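Presented below is the structure to which this report refers.
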Amino acid sequence: MLDTLGYASVDELVRTAVPASIHAAARATSSIPDAATEAEALAELRALADANRPARPMIGLGYYDTFTPAVIARNVFENPSWYTAYTPYQPEISQGRLEALINFQTMVTDLTGLATAGASMLDEATAVVEGMLVARRASKSASDVFLVDADALPQTKALLHHRAAAVGIRILEIDTRTWEPGTASDAVFGAFVQYPAASGRVWDPTELVAAVQAQGGLVVVAADLLALTLLRSPGSFGADIAAGTTQRFGVPLGFGGPHAGYLAVRAGLERQLPGRLVGVSQDAAGHPAYRLALQTREQHIRREKATSNICTAQVLLAVMAAMYAVYHGPEGLRAIATDVARKAQALAETLRAGGLDVVHDAFFDTVRVVVPGTAERVIERARRRGYQLFFADEATVGISVDETTTPADLAAVAAAFGLPDETAIDVEGAAPLAGVAAGLHRRDEFLTHPVFHAHRSETAMMRYLKTLADRDYALDRGMIPLGSCTMKLNAATEMAAVSWPEFARVHPFAPEADVRGTLALIEQLETWLAEVTGYDAVSLQPNAGSQGELAGLLAIRGYHLANDDAQRTVCLIPSSAHGTNAASAVLAGMRVVVVACDEAGNVDLDDLHAKIAQHAAELGALMITYPSTHGVYEHEVLAITQAVHDAGGQVYIDGANLNALLGFARFGDLGGDVSHLNLHKTFAIPHGGGGPGVGPVAAKAHLAPYLPSHPLAQRADHAGGFVFEGGPVSAAPYGSASILPISWAYVRMMGAAGLGEATGAAVLSANYIAHRLKAHFPVLYAGEAGLVAHECILDLRPLRERTGITVDDVAKRLIDYGFHAPTMSFPVAGTLMVEPTESEDLGEIERFIEAMIRIAAEAEQVGAGHWPAADNPLVNAPHTAQSVIGGEWTHPYSREEAVYPVPTLVRTKYWPPVRRIDNAYGDRNLVCACPPPEAFA
Numbered sequence: 001m002l003d004t005l006g007y008a009s010v011d012e013l014v015r016t017a018v019p020a021s022i023h024a025a026a027r028a029t030s031s032i033p034d035a036a037t038e039a040e041a042l043a044e045l046r047a048l049a050d051a052n053r054p055a056r057p058m059i060g061l062g063y064y065d066t067f068t069p070a071v072i073a074r075n076v077f078e079n080p081s082w083y084t085a086y087t088p089y090q091p092e093i094s095q096g097r098l099e100a101l102i103n104f105q106t107m108v109t110d111l112t113g114l115a116t117a118g119a120s121m122l123d124e125a126t127a128v129v130e131g132m133l134v135a136r137r138a139s140k141s142a143s144d145v146f147l148v149d150a151d152a153l154p155q156t157k158a159l160l161h162h163r164a165a166a167v168g169i170r171i172l173e174i175d176t177r178t179w180e181p182g183t184a185s186d187a188v189f190g191a192f193v194q195y196p197a198a199s200g201r202v203w204d205p206t207e208l209v210a211a212v213q214a215q216g217g218l219v220v221v222a223a224d225l226l227a228l229t230l231l232r233s234p235g236s237f238g239a240d241i242a243a244g245t246t247q248r249f250g251v252p253l254g255f256g257g258p259h260a261g262y263l264a265v266r267a268g269l270e271r272q273l274p275g276r277l278v279g280v281s282q283d284a285a286g287h288p289a290y291r292l293a294l295q296t297r298e299q300h301i302r303r304e305k306a307t308s309n310i311c312t313a314q315v316l317l318a319v320m321a322a323m324y325a326v327y328h329g330p331e332g333l334r335a336i337a338t339d340v341a342r343k344a345q346a347l348a349e350t351l352r353a354g355g356l357d358v359v360h361d362a363f364f365d366t367v368r369v370v371v372p373g374t375a376e377r378v379i380e381r382a383r384r385r386g387y388q389l390f391f392a393d394e395a396t397v398g399i400s401v402d403e404t405t406t407p408a409d410l411a412a413v414a415a416a417f418g419l420p421d422e423t424a425i426d427v428e429g430a431a432p433l434a435g436v437a438a439g440l441h442r443r444d445e446f447l448t449h450p451v452f453h454a455h456r457s458e459t460a461m462m463r464y465l466k467t468l469a470d471r472d473y474a475l476d477r478g479m480i481p482l483g484s485c486t487m488k489l490n491a492a493t494e495m496a497a498v499s500w501p502e503f504a505r506v507h508p509f510a511p512e513a514d515v516r517g518t519l520a521l522i523e524q525l526e527t528w529l530a531e532v533t534g535y536d537a538v539s540l541q542p543n544a545g546s547q548g549e550l551a552g553l554l555a556i557r558g559y560h561l562a563n564d565d566a567q568r569t570v571c572l573i574p575s576s577a578h579g580t581n582a583a584s585a586v587l588a589g590m591r592v593v594v595v596a597c598d599e600a601g602n603v604d605l606d607d608l609h610a611k612i613a614q615h616a617a618e619l620g621a622l623m624i625t626y627p628s629t630h631g632v633y634e635h636e637v638l639a640i641t642q643a644v645h646d647a648g649g650q651v652y653i654d655g656a657n658l659n660a661l662l663g664f665a666r667f668g669d670l671g672g673d674v675s676h677l678n679l680h681k682t683f684a685i686p687h688g689g690g691g692p693g694v695g696p697v698a699a700k701a702h703l704a705p706y707l708p709s710h711p712l713a714q715r716a717d718h719a720g721g722f723v724f725e726g727g728p729v730s731a732a733p734y735g736s737a738s739i740l741p742i743s744w745a746y747v748r749m750m751g752a753a754g755l756g757e758a759t760g761a762a763v764l765s766a767n768y769i770a771h772r773l774k775a776h777f778p779v780l781y782a783g784e785a786g787l788v789a790h791e792c793i794l795d796l797r798p799l800r801e802r803t804g805i806t807v808d809d810v811a812k813r814l815i816d817y818g819f820h821a822p823t824m825s826f827p828v829a830g831t832l833m834v835e836p837t838e839s840e841d842l843g844e845i846e847r848f849i850e851a852m853i854r855i856a857a858e859a860e861q862v863g864a865g866h867w868p869a870a871d872n873p874l875v876n877a878p879h880t881a882q883s884v885i886g887g888e889w890t891h892p893y894s895r896e897e898a899v900y901p902v903p904t905l906v907r908t909k910y911w912p913p914v915r916r917i918d919n920a921y922g923d924r925n926l927v928c929a930c931p932p933p934e935a936f937a
């Protein structure tokens with residue numbers, strides 16, 4: 001590869017590509033130890049895990065222990081066919097996970113009683129925020145006031161306050177116990193209630209919903225899905241929007257995530273849904289097929305006019321939750337919920353019999369107990385017995401029951417309140433929901449689709465999961481050369497600790513003394529990430545790259561406000577930037593001003609200086625991606641950042657392309673004040689079919705005070721001694737903490753030198769592909785010495801002009817060759833952005849190059865008239881087995897040319913389950929729930 005490119009070493013290649021002015025100086029000491037072996041890294045992780053104190057979490061507040069059925073743990077959670085897949089932007093080779101997601105959507109709509117649900121949100125608190133923003137857009141009221149239930153989850157309330165302030169929404173908390181119609185419902189655009197409430201109380205929100213809607217407002221209800229198997233649905237009492245989490249459907253606690261939040265809306269609001277929505281369409285043969293509907297990649301289309309910055313989902317976790325419902329079915333879920341409610345009722349009756357006052361009579365799984373002045377002592381006694389309870393206040397203790405709770409657990413908790421150790425807990429004799437009014441009991445059916453009744457044995461479930469996995473293309477099949485997405489190896493050793501119970505069965509609000517191992521791992525990872533990026537402080541709270549962007553911009557906002565520069569709200573963003581940049585800026589209360597790019601894909605310096613001069617007094621920030629979104633290292637980056645600083649602005653460097661820089665240059669040395677990092681890109685966390693992701697935010701010391709905090713965090717300080725005081729951006733203090741051991745292990749096994757070697761290999765592979773293919777597809781942008789960074793953009797527009805073959809045709813034809821297509825038409829329409837990563841060996845890279853060269857030749861045959869423009873292997877791609885076997889073959893090319901374009905495919909063929917999907921048909925005929933079985937007959 002080096003000989004082809006004309007370089008003596010990888011180091012020489014990268015140092016030629018990366019501008020000399022930004023090369024990182026060698027450091028005398030490093031916080032990152034030398035590379036560990038796999039065995040050494042696992043031993044160190046085991047020591048960290050053992051530093052956590054085993055306990056049974058009964059804290060509640062939206063997080064519950066749960067049993068992950070072994071068939072789902074083995075065949076989804078620990079299966080690379082599921083966790084190494086990418087977002088289903090090529091739906092023809094994503095039919096398995098799309099079906100799983102439509103199961104998820106159906107599960108949510110059935111339980112909430114609403115019309116349409118999305119394919120998952122990041123967590124409950126962010127889902128509620130998105131619900132508030134939907135209400136604001138759809139409300140007929142001109143008010144800027146949003147009512148919030150005072151008995152909502154504390155993390156959700158904190159997130160609502162922080163996010164609302166940035167966009168000019170005023171939060172008004174109300175006590176729903178004393179609320180009366182007309183007292184606090186006039187002149188509001190919406191309201192939010194928790195159902196059941198954070199304190200466990202089950203109440204009827206019907207009057208509040210009607211009063212808010214009478215003023216033109218919309219009502220958001222955060223509902224517990226397990227409770228909804230026994231309680232009336234939000235839709236039944238008129239709610240417009242429902243939000244929440246599906247964590248307790250078989251997804252481990254994991255110290256707070258990742259979990260799949262949900263968002264559902266009534267009819268008429270489906271086109272307002274943020275994030276991803278799976279719909280049913282049809283393929284070229286008229287067969288039903290799934291694909292992303294409506295707002296797919298909204299941020300890249302609408303940019304600063306986007307209604308949300310969330311462009312991702314929590315797919316892997318949504319799949320687990322959906323399969324939990326598929327496996328248990330409605331009867332099983334109702335049985336689990338009944339058991340939970342019965343155990344909570346039995347505990348409450350036992351405590352009352354022991355002379356204690358239970359706060360609410362109507363509850364599902366959470367009991368609040370009055371213990372005047374002794375709450376801390378009760379909680380400590382429970383902790384010594386191995387149980388974690390919730391400190392509500394000095395006189396009140398909360399206990400939440402879940403499916404893992406046993407009668408012995410209940411007896412131990414009762415003893416912590418001072419009852420005799422031998423106290424009997426009569427679970428079987430307790431009546432579930434005994435104090436809940438009959439009118440709030442659920443009467444209607446749910447999960448009636450056959451998919452929730454057909455896979456009750458482990459054999460059937462295993463085969464169903466295997467069938468769906470076989471319909472997908474993931475990294476375990478071959479290269480996914482997606483530019484901007486960095487689909488690299490997710491090493492098995494890195495993944496090992498994710499399912500260890502010491503990390504997985506940990507409550508995010510557990511006492512500090514019980515989670516010292518996890519906190520130590522987090523502090524080490526914060527330290528390492530700060531070093532490799534050149535920043536001073538790191539917050540791991542953001543649970544997606546988009547949320548990291550938002551956290552960084554909110555930190556800039558906080559900094560300017562603290563310096564009495566409230567007018568600094570203009571955010572300069574190059575025209576080539578990721579679409580989430582602009583959307584995040586708007587959600588941070590900023591006004592986007594676009595900066596032009598030149599013909600080489602670099603920021604147009606003349607336009608930049610003009611925009612800075614025009615907005616000097618209002619300049620809040622510049623957002624740039626480095627290397628640029630066009631895949632090149634901009635040589636004037638230091639001049640760009642200096643110009644912004646000279647004008648009083650802050651510099652946000654998007655870390656999406658850090659895989660091209662790590663070990664050779666650091667964002668903090670480029671003039672960056674703050675950046676987010678995509679751990680699911682550069683630091684090896686799997687994409688999971690479109691999520692989970694982690695988007696930590698790193699900042700210089702002057703911005704550190706404004707990084708995300710959390711009201712229930714175990715400690716205030718972070719690595720380096722920094723204390724963060726900004727509001728939260730995620731429901732849990734450390735976001736998706738259970739997958740942080742993956743990135744910890746990645747850095748630990750690579751060492752500082754290995755991180756640089758990975759960058760070198762990625763840059764080498766991208767330049768090798770660009771060099772080999774440039775005679776067939778022009779490489780659109782290049783930097784010094786004609787080199788690209790870790791990805792290259794192949795221009796297919798000349799091919800289309802000559803032959804009529806489009807970028808879509810090439811992408812779908814790559815499926816026939818056994819490949820996932822590169823990124824299509826981003827950042828330039830009519831192009832493919834190719835990123836091979838450092839994980840692909842030369843054989844796979846050569847296989848991709850051969851496929852692209854052959855496809856170019858096929859296109860030229862169309863252009864030459866050898867094959868008709870309307871009937872050739874490219875426009876008919878992808879070819880299913882049925883399409884080449886069934887009926888008479890009438891095409892001008894052979895069956896072999898259709899499905900075996902290279903001989904190596906004969907024994908390794910991936911067969912797409914559907915032909916090319918008609919996206920427009922699906923949007924015109926919107927169906928976002930499980931279709932009837934006869935549709936597939």
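If you read the sequence shown in the UniProt record's numbering, its first letter stands for residue 1, the second for the next number, and so on.
For every residue, glycine included, the Cβ atom is placed at its ideal position computed from N, Cα and C.
The structure presented is a predicted model; accordingly, all values stated were derived computationally and were not measured.
*Considering M107, what are the terminal residues of the alpha helix (DSSP H) in which it resides?*
Locating residue 107 in the sequence shown gives position 107, where the first residue counts as 1. Run containing M107: Q95 to T112, per the alpha helix (DSSP H) assignment.
Worksheet entry | Cβ-Cβ distance between E526 and V538 below 9 Å | Translated into positions along the sequence shown, residue 526 becomes position 526. Translated into positions along the sequence shown, residue 538 becomes position 538. Result yes, Cβ atoms of E526 and V538 sit closer than 9 Å.
**OP:** Grab me the residues of A36's own chain with a C-beta within less than 8 Å of its C-beta, minus the 5 sequence neighbours each way, in chain order.
**Re:** Mapped onto the sequence shown, residue 36 falls at position 36. So the qualifying residues of the chain are E44, R748, M749 and G751.
Could you pull out every unbroken alpha helix (DSSP H) segment of at least 4 residues lying fully inside the stretch 705-775, listed in chain order?
740-773
Nearest-angstrom Cα separation, counted from C792 out to M833 = Taking the first residue of the sequence shown as 1, we reach residue 833 at position 833. Taking the first residue of the sequence shown as 1, we reach residue 792 at position 792. Straight-line Cα distance between these residues: approximately 6 Å.
Under 9 Å, do Y290 and S94 count as touching if we go by C-beta distance? Residue 290 sits at position 290 when you count from the first residue of the sequence shown. Residue 94 sits at position 94 when you count from the first residue of the sequence shown. The answer is yes: Cβ separation under 9 Å.
Sub-9 Å separation of A416 and R368 beta-carbons
Against the sequence shown, residue 416 aligns to sequence position 416. Against the sequence shown, residue 368 aligns to sequence position 368. Result no, Cβ atoms of A416 and R368 do not sit closer than 9 Å.
Please state the DSSP three-state secondary structure of M487.
Along the sequence shown, one-based indexing puts residue 487 at 487. Three-state DSSP puts M487 in coil, outside helix and strand.
Discussion item. Which same chain residues end up closer than 8 Å to P33 when comparing Cβ atoms and leaving out the 5 residues on each side of it in sequence?
Written reply: Position 33 of the sequence shown holds residue 33. Taken in chain order, the residues that qualify are R748 and G751.
Beta-carbon contacts of T493 that lie in its chain and below 8 Å, excluding the five residues immediately before and after:
Locating residue 493 in the sequence shown gives position 493, where the first residue counts as 1. The residues are E38, A41, L42, A745 and M749.
Inset, instruction - Report buried or exposed for E270, applying the criterion of at least 16 other Cβ atoms within 10 angstroms of its Cβ. - result: Taking the first residue of the sequence shown as position 1, residue 270 is located at position 270. Classification for E270: buried.
* **C-alpha gap between R895 and V906, whole angstroms** => Locating residue 895 in the sequence shown gives position 895, where the first residue counts as 1. Locating residue 906 in the sequence shown gives position 906, where the first residue counts as 1. Their backbone Cα atoms lie some 12 Å apart in a straight line.
Assuming V788 and V899 are in contact, meaning their beta carbons sit under 8 Å apart, how far apart are those beta carbons, in whole angstroms? Position 788 of the sequence shown holds residue 788. Position 899 of the sequence shown holds residue 899. Not a contact, Cβ separation roughly 33 Å.
Got a sec? Which residues, its chain only, sit under 6 Å from A362 by beta carbon, not counting five neighbours each side? Indexing the sequence shown from 1 puts residue 362 at position 362. For A362, where only same-chain residues beyond five positions count, the Cβ hits under 6 Å are V202, G435 and V436.
Practice prompt. Given a cut-off of 9 Å, decide if G261 and S31 are closer than it, judged by their beta-carbon atoms.
Written response: As a working mapping, residue 31 is identified with position 31 in the sequence shown. As a working mapping, residue 261 is identified with position 261 in the sequence shown. Contact flag unset, no.
| message | Buried or exposed for P903, going by 16 or more other Cβ atoms inside 10 Å? | response | On the sequence shown, residue 903 is found 903 positions in, with the first residue counted as 1. That one is exposed.
Check your understanding: Going by DSSP, what residues sit across from P574 in a beta bridge?
Key -> Residue numbering aside, residue 574 sits at position 574 when the sequence shown is read from its first letter. Answer is V595.
- Hey, out of G190, S236, L114 and L389, whose CA is closest to T206's CA? Working through the sequence shown from its first residue, we reach residue 206 at position 206. It is S236.
### Query
Sorted by chain position, which residues of the same chain lie with C-beta nearer than 6 Å to R297's C-beta, five sequence neighbours on each side aside?
For the purposes of this step, residue 297 is identified with residue 297 of the sequence shown, where counting begins at 1. Confidence in R297 is poor, its pLDDT being 49 and thus under 50, which makes the residue's placement unreliable; the coordinate value appears in the next sentence. Taken in chain order, the list of residues that qualify is empty.
Cβ neighbour criterion (16 or more within 10 Å) applied to R136: On the sequence shown, residue 136 is found 136 positions in, with the first residue counted as 1. Buried, by the Cβ-count rule.
Would you list the residues sitting across from L832 in a DSSP beta bridge?
By 1-based counting over the sequence shown, the position of residue 832 is 832. Paired residues: L794 and M824.
Three CB pairs or more closer than 8 Å across the stretch 474-489 and the stretch 82-100 = yes
Exercise for the section: Would you mind sorting V723 into buried or exposed? The rule is 16 or more other CB atoms within 10 Å of its CB. Expected result: Sequence index remark: in the sequence shown, residue 723 carries index 723 (1-based). Exposed.
Which of the three DSSP states is assigned to S400 in this structure? Along the sequence shown, one-based indexing puts residue 400 at 400. Looking at S400 - three-state DSSP - the assignment turns out to be strand.
| query | Based on Cα-Cα distance, which residue from P91, A596, A125 and P836 lies nearest to L263? | reply | Mapped onto the sequence shown, residue 263 falls at position 263. When each option's Cα is compared against that of L263, the closest is A125.
Practice prompt. Keeping to the same chain, check which residues put their C-beta closer than 6 Å to that of Q247; ignore five residues upstream and five downstream.
Written response: As a working note, residue 247 is residue 247 in the sequence shown. Hits under 6 Å: H259.
Per-residue DSSP class, three states only, for I624: Position 624 of the sequence shown, counted from the first residue, corresponds to residue 624. It is a strand residue.
Subject >> Whole-angstrom distance between P728 and G190, CA atom to CA atom >> reply: If you number the sequence shown from 1, residue 190 lands on position 190. If you number the sequence shown from 1, residue 728 lands on position 728. Looking at the two C-alpha atoms, the distance is approximately 22 Å.
With burial defined as no fewer than 16 other Cβ atoms inside 10 Å of the residue's Cβ, what is the status of I885: buried or exposed? Start at 1 with the first residue of the sequence shown, and residue 885 comes out as number 885. With fewer than 16 other Cβ atoms within 10 Å, it is exposed.
message = Can you list, in chain order, the residues of its chain with a C-beta nearer than 6 Å to that of N79? Leave out the 5 residues immediately preceding and following it.
response = Working through the sequence shown from its first residue, we reach residue 79 at position 79. Result list for N79: empty, nothing under 6 Å.
Quiz item: How many angstroms separate the CA atom of A782 from the CA atom of L540?
Solution: The sequence position of residue 782 within the sequence shown is 782, counting from 1. The sequence position of residue 540 within the sequence shown is 540, counting from 1. Cα to Cα, A782 sits roughly 34 Å from L540.
Task: DSSP bridge partner residues for M121 (one or two, in chain order) - done: The residue labelled residue 121 in the question sits at position 121 within the sequence shown. The partner list for M121 (beta bridge, DSSP) reads G261.
Just how far apart, CA to CA, sit L662 and G756?
Translated into the one-based positions of the sequence shown, residue 662 becomes position 662. Translated into the one-based positions of the sequence shown, residue 756 becomes position 756. Cα to Cα, the separation comes out at about 6 Å.
Assuming the contact rule is C-beta atoms closer than 8 Å, L147 and V188 should be a hit. Round their C-beta distance to whole Å, please. Taking the sequence shown and counting its residues from 1, the one referred to as residue 147 is at position 147. Taking the sequence shown and counting its residues from 1, the one referred to as residue 188 is at position 188. That belief holds up - the Cβ atoms of L147 and V188 are roughly 5 Å apart, short of 8 Å.
Legend entry - Short Cβ contact (9 Å threshold) for S628 with V595: Reading the sequence shown from its first residue, position 628 is the one you call residue 628. Reading the sequence shown from its first residue, position 595 is the one you call residue 595. The answer is no: Cβ separation not under 9 Å.
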